[in-house]
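Report on the structure given below.
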Amino acid sequence: MNIRALEYLIAFAQEGSFTKAAVRMRVSQPTLSTQIKKLEETLDVELIERTPGKQILTPAGREVVYYAKRIQADMSRIRQAARRSEDPWSSTVVLGVFPTLGPYLLPRIMPALRRLKPKLTIRFIEEKSAKLIDLLDSGQVDAVILSESLNAPSIKVCHVFDEDFLLATSTNSLLGHESKPIELSDLSTQKVLLLEDGHCMRRSMLDVCQKVGAKQSEFRATSLETLRYMVVGSKDVTLLPRLATVPPIVQPVGLMLREFKNPKPYRSLYLNWRAASPVDKIMEGLCTIISSACSDLHKK
Numbered sequence: 001m002n003i004r005a006l007e008y009l010i011a012f013a014q015e016g017s018f019t020k021a022a023v024r025m026r027v028s029q030p031t032l033s034t035q036i037k038k039l040e041e042t043l044d045v046e047l048i049e050r051t052p053g054k055q056i057l058t059p060a061g062r063e064v065v066y067y068a069k070r071i072q073a074d075m076s077r078i079r080q081a082a083r084r085s086e087d088p089w090s091s092t093v094v095l096g097v098f099p100t101l102g103p104y105l106l107p108r109i110m111p112a113l114r115r116l117k118p119k120l121t122i123r124f125i126e127e128k129s130a131k132l133i134d135l136l137d138s139g140q141v142d143a144v145i146l147s148e149s150l151n152a153p154s155i156k157v158c159h160v161f162d163e164d165f166l167l168a169t170s171t172n173s174l175l176g177h178e179s180k181p182i183e184l185s186d187l188s189t190q191k192v193l194l195l196e197d198g199h200c201m202r203r204s205m206l207d208v209c210q211k212v213g214a215k216q217s218e219f220r221a222t223s224l225e226t227l228r229y230m231v232v233g234s235k236d237v238t239l240l241p242r243l244a245t246v247p248p249i250v251q252p253v254g255l256m257l258r259e260f261k262n263p264k265p266y267r268s269l270y271l272n273w274r275a276a277s278p279v280d281k282i283m284e285g286l287c288t289i290i291s292s293a294c295s296d297l298h299k300k
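Numbering follows the UniProt record's numbering, with no gaps: position 29 of the sequence shown is 29.
Here it is in structure tokens:
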């Protein structure tokens, strides 16, 4: 069976026309038609119903296209594997990040990755931590950045960076009138706005609240962006990770950010990946690049 003929069939399915498919594949229309006809003869089945002025896939044709696309994807992986054997950094890595990290981390690390490893392609998937762990286990992502290290024999873990929390408060609240650093114990008299269940950031915020006896606000936010505006509109406070407070992130009018005195509350981030992954060889290098780009986010 000719792989190229399968690619021609996929092109026909996507374009709905021999002529358009041939243009897409940069071959003559007779060449494309002949190759698909030979494929039909090899399989001994009609893949395309041909009538004057109209050609459509048969039921068998639709099924063959489904499997042909899977073969096409596997061929792409085979080519990637061949490139990796010569240069491990000529790879495509699927990296999972959670919503309270992704939008703020990517602008910081991507310039460094493009500069240092221009042949590396990274695709990002953003999901809550529990979903990311499932995706890693099922092989749908190559690695995930989590606020925990996964304790499993099949998983390798690298600490990438620590990140301070800052107090976010309204300029109209009691803690919003000064800019100097505050004691963590000052939260004991405050109500703290939290994210909704499912966010790993929520766990970190709860740990801080429990440590100092701070009360939880009855309201919940779906994202850090929502959290910012909820703080501006109330007398409650919240915690924001440092990445979400530095440029190019712009804070809403009426929001005051205050540093904590040492020891500062913070969260730790870890890169987790499957030890048997074909991109295992580059993960420690990726960890080093991310760590270097984020080295200024926690000062003890």
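Ideal Cβ placement from N, Cα and C applies to all residues, glycine included.
Beta-carbon contacts of residue i that lie in its chain and below 6 Å, excluding the five residues immediately before and after
{"i": "Ala293", "result": "Arg108, Ile109 and Ala112"}
{"i": "Phe12", "result": "Ala21"}
{"i": "Gly61", "result": "Leu47 and Ile48"}
Rounded separation between residue i and residue j - CA only
{"i": "Lys225", "j": "Asp87", "result": "Looking at the sequence itself, residue 225 is Glu, so the reference to Lys does not match. Rounded to whole angstroms, Glu225 to Asp87 spans 40 Å at the Cα level."}
{"i": "Ser76", "j": "Met230", "result": "46 Å"}
{"i": "Leu39", "j": "Ile71", "result": "15 Å"}
{"i": "residue 363", "j": "Thr42", "result": "Missing from the structure shown is residue 363; the chain here goes from 1 to 300 and no further."}
{"i": "Leu32", "j": "Val246", "result": "55 Å"}
{"i": "Cys200", "j": "Ala221", "result": "13 Å"}
{"i": "Val94", "j": "Gly102", "result": "13 Å"}
{"i": "Pro181", "j": "Ile155", "result": "39 Å"}
{"i": "Thr100", "j": "Gly198", "result": "11 Å"}
{"i": "Pro241", "j": "Val65", "result": "47 Å"}
{"i": "Tyr266", "j": "Ser277", "result": "30 Å"}
{"i": "Asn262", "j": "Asp74", "result": "52 Å"}
{"i": "Met283", "j": "Cys158", "result": "9 Å"}
{"i": "Gln140", "j": "Ile78", "result": "17 Å"}
{"i": "Gly16", "j": "Ser28", "result": "16 Å"}
{"i": "His177", "j": "Lys299", "result": "24 Å"}
{"i": "Val212", "j": "Thr189", "result": "9 Å"}
{"i": "Asn151", "j": "Ser223", "result": "28 Å"}
{"i": "Ile122", "j": "Lys281", "result": "15 Å"}
{"i": "Arg274", "j": "Arg202", "result": "26 Å"}
{"i": "Val144", "j": "Gln80", "result": "21 Å"}
Beta strand (DSSP E) segment containing residue i, residue limits
{"i": "Ala11", "result": "Where Ala11 is concerned, there is no enclosing beta strand (DSSP E), although the alpha helix (DSSP H) it sits in stretches over Ile3 to Glu15."}
{"i": "Ser268", "result": "Tyr266 to Arg274"}
{"i": "Lys215", "result": "Lys215 to Ala221"}
{"i": "Glu49", "result": "Ile48 to Thr51"}
{"i": "Gln55", "result": "Lys54 to Leu57"}
{"i": "Lys37", "result": "Note, Lys37: premise wrong, no beta strand (DSSP E); alpha helix (DSSP H) at Gln29 to Leu43."}
{"i": "Lys191", "result": "Lys191 to Leu195"}
{"i": "Val250", "result": "It is not in any beta strand (DSSP E) - Val250 carries neither H nor E in the DSSP assignment."}
{"i": "Leu95", "result": "Thr92 to Val97"}
{"i": "Arg258", "result": "Leu255 to Arg258"}
C-beta atoms of residue i and residue j nearer than 8 Å
{"i": "Leu166", "j": "Leu257", "result": "yes"}
{"i": "Ser170", "j": "Lys235", "result": "yes"}
{"i": "Val279", "j": "Asp142", "result": "yes"}
{"i": "Ala214", "j": "Leu187", "result": "yes"}
{"i": "Gly96", "j": "Glu63", "result": "no"}
{"i": "Leu146", "j": "Leu132", "result": "yes"}
{"i": "Ser129", "j": "Phe98", "result": "yes"}
{"i": "Ser90", "j": "Tyr270", "result": "no"}
{"i": "Phe124", "j": "Leu184", "result": "no"}
{"i": "Ile36", "j": "Ala5", "result": "yes"}
{"i": "Ile10", "j": "Lys69", "result": "yes"}
{"i": "Leu243", "j": "Leu297", "result": "yes"}
8 Å Cβ shell around residue i - same chain, five flanking residues per side excluded
{"i": "Leu116", "result": "Ile289"}
{"i": "Gln210", "result": "none"}
{"i": "Leu175", "result": "Leu167, Thr169, Ile182, Asp186, Gln190, Val237, Met256 and Arg258"}
Element boundaries [alpha helix (DSSP H), containing residue i]
{"i": "Pro111", "result": "Gly102 to Leu116"}
{"i": "Thr171", "result": "Taken as a continuous stretch (DSSP letters only), Thr171 belongs to no alpha helix (DSSP H), as it is neither H nor E."}
{"i": "Leu286", "result": "Asp280 to Ala293"}
{"i": "Thr245", "result": "From DSSP, Thr245 is part of no alpha helix (DSSP H); its letter is neither H nor E."}
{"i": "Ser234", "result": "Counting along the chain, Ser234 falls outside any alpha helix (DSSP H), and DSSP gives it neither H nor E."}
{"i": "Lys20", "result": "Phe18 to Met25"}
Close beta carbons around residue i, own chain, < 7 Å, minus the five adjacent residues each side
{"i": "Gly285", "result": "none"}
{"i": "Thr238", "result": "Ala168, Val192, Leu193, Leu227 and Val231"}
{"i": "Pro248", "result": "Pro107"}
{"i": "residue 323", "result": "Residue 323 is absent from the model: the chain starts at 1 and stops at 300."}
{"i": "Lys119", "result": "Asp87, Trp89 and Ser90"}
Closer than 8 Å to chain C by CB, residue i
{"i": "Gln29", "result": "You won't find chain C in this structure, because it holds only one protein chain."}
Quiz prompt | Every unbroken beta strand (DSSP E) within the stretch 114-165, with a cutoff of 3 residues, ordered by chain | solution = DSSP runs (the beta strand (DSSP E)) wholly in the stretch 114-165: 121-126 and 143-146.
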